[in-house]
Amino acid sequence: MERIVLRADQNAAGWRLDAWLADQIEAVTRSTLARLIEEGRVTCQGKPASKKMKLTGGEEIAVELPDPEPIKAVPQNIPLDVVYEDADVIVINKPKGLVVHPAPGHPDGTLVNALLYHCKGSLSGVGGALRPGIVHRIDRDTSGLIIAAKNDQAHQGLSAQLQDHTLARTYECIVTGHMKESSGTVNAPIGRSQQDRKKMAVVTGGRPAVTHWEVLQALKGCTHLRCKLETGRTHQIRVHMAYIGHPVLGDTVYGAKKPVLGLQGQCLHAVALRFIHPRTGALVELHCDLPAEFLEQLRKLEV
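Take 145 as the starting number for the sequence shown in my numbering and just add one per residue.
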């Protein structure tokens, strides 16, 4: 049993407790946190909390996390492009089409299945029975760097870095249209779309989301961007780019419905990752090349 104590600052005022906790503890799902509240494992100022309670700021929240569930996902011999690995963490250059963890419709053949085989079952249990080792996620049709933890200590350390932004993620993408400025920031909250619950959207009352972008190259009818995440919401770059009128090329969910010839899904790649090693304290900076189909789109669109 692990006990986490958090202090709600003034920015938490007005948030529902379960939503705020999900924002603070990204390794645990909101549904799991809601269940823990119902079970009396979450207290506010020393008293059992209600998931519907609204925070005012300044409260001390304590959460009792149960011991990790036994791993249910099965190891599978799926080739991995390992960029970095030691006894605590492993970083993979994930190809497009590979789902990160088992879920309805994808019971196996995922990155988790591949990691269990490669790491011989040595992954953290903080993420739950179907998400061992997973500290953060990237979409199935987004490629690039993703980090996993081999033990609970490493997982907790990396999760803390997600919260204080010392775990930095940089992406490159091609978006439709031309940007009016050379750089900018999208600061707009993201939550479930009210029109389509399968999609995310910029919504009032959503979770804070900040994306910094800069232009790398102007293309024919498109722009090559570098994006740095300050937060890590579901589909964040895709939602934010669509919100400012420049959806990611090939994104048939948030942009044009017609696929782009020679492109599987959206043209979005996690190109760099920076973190403080959870055991040694050393700064680790990693990069990976753009995939062939991304480079081919750049070639086709050169002015």
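By construction, the Cβ of each residue, glycine as well, lies at the ideal position given by its N, Cα and C atoms.
Boundaries for Ala345: no alpha helix (DSSP H) harbours it, while the beta strand (DSSP E) harbouring it runs Met344 to Val346, taken from the DSSP string.
Assigned with DSSP and collapsed to three states, Trp164 falls in helix. Under DSSP, the beta-bridge partners assigned to Glu146 are Leu209. In the three-state reduction of the DSSP assignment, His431 falls in the strand class, which pools E and B.
Pairing Pro391 with Cys371, the inter-Cα distance amounts to about 13 Å. For the pair of segments examined, the region 158 to 171 was found not to touch the region 218 to 228: the number of CB pairs separated by less than 8 Å stays below three.
Taking every protein chain shown into account, the CB of Thr355 has 16 or more other CB atoms within 10 angstroms, so this residue is buried. Ranked by Cα distance from Gly249, the options Asn237, Arg284 and Pro239 are led by Arg284. Pairing Leu363 with Leu445, the inter-Cα distance amounts to about 5 Å. In the three-state reduction of the DSSP assignment, Asn155 falls in the helix class, which pools H, G and I. The three-state secondary structure of His262, taken from DSSP, is helix. Going by C-alpha positions, Ala156 is about 20 Å away from Glu208. About 6 Å separates the beta carbons of Val404 and Leu393, which is inside the 8 Å limit, making them a contact pair.
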